[in-house]
Amino acid sequence: MTTDKARLNVYIPQQLKEQFDRLAQQERRSLSVTVEILRMQVAKNMQFQAIR
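Quick note, this note's numbering runs 195 ahead of the 1-based positions in the sequence shown.
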């Protein structure tokens, strides 16, 4: 059993990828880190909505 995070490969439309790339450059972090932060924010928002 591995402790590494499993990677999820998904198709990202080119326009959305370019927007993520620009956001990553603005924040000076990699695209994968930016996507992970956004994923965590979405999960947190979904939990908040479920509580309400």
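We put the CB at the ideal spot given by N, CA and C, even for glycine.
Rounded to whole angstroms, the gap between the alpha carbons of E231 and E213 is 16 Å.
In terms of Cβ geometry, L226 and F215 form a close pair [threshold 9 Å]. With contacts defined by Cβ atoms closer than 9 Å, A219 and V228 form a contacting pair. Secondary structure at S227: helix, using DSSP grouped into helix, strand and coil.
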